[in-house]
Amino acid sequence: MKNIPIRASIEGQTSMVDTDWLAIMATLKKRGIEQEELQLIYSQLMAHLRITTRGLTLSKIPQSTSIAGITREPKVSSRDYIGMVGA
Numbered sequence: 046m047k048n049i050p051i052r053a054s055i056e057g058q059t060s061m062v063d064t065d066w067l068a069i070m071a072t073l074k075k076r077g078i079e080q081e082e083l084q085l086i087y088s089q090l091m092a093h094l095r096i097t098t099r100g101l102t103l104s105k106i107p108q109s110t111s112i113a114g115i116t117r118e119p120k121v122s123s124r125d126y127i128g129m130v131g132a
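Below, the structure is given as structure tokens:
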């Protein structure tokens, strides 16, 4: 799973925040989502579907949209990144 830009909102609220997949993945893990479910959510986001799970509504931000500071590649080694995904 590569880091992608995400637009997120809390269910029932109209405000949205621009973030990235690594931040959302960490939040979803804290909310009890297993690795297989994360892979499914990621696949659905890559297919440009809007996802609602664990109180969050998520959608992928199109590549043509430029957002400063978002969609950065993690500055860790491959081994560390695999550890984050597997944790």
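Just so you know, we're using this note's numbering here: the sequence shown kicks off at 46 and counts up by one. Backbone N, C-alpha and C fix where the C-beta goes; we use that ideal spot for every residue, glycine too. These numbers come from a predicted model, not from an experiment.
Residue from the options with nearest C-alpha to residue i
i          : options     : result
residue 46 : 62, 91, 59  : 91
residue 99 : 74, 93, 89  : 74
residue 87 : 104, 77, 76 : 104
residue 56 : 96, 77, 106 : 96
Cross-strand partners of residue i (DSSP beta bridge)
i           : result
residue 103 : 53, 96
residue 64  : 51
With 16 other Cβ atoms within 10 Å as the buried cut-off, status of residue i
i          : result
residue 67 : buried
residue 94 : exposed
residue 58 : exposed
residue 61 : exposed
Cutoff 6 Å; reference residue i; Cβ partners in own chain excluding five residues on either side
i           : result
residue 134 : Because the chain is modelled from 46 through 132, residue 134 falls outside the range shown and cannot be assessed.
residue 101 : 53
residue 89  : 96
Nonlocal neighbours in the same chain, by C-beta distance under 7 Å from residue i, ignoring five residues either side
i           : result
residue 121 : Low confidence applies to residue 121: its pLDDT is 49, below 50, so where it sits in the model is not reliable enough to give any reading.
Close beta carbons around residue i, own chain, < 8 Å, minus the five adjacent residues each side
i          : result
residue 76 : 99, 100
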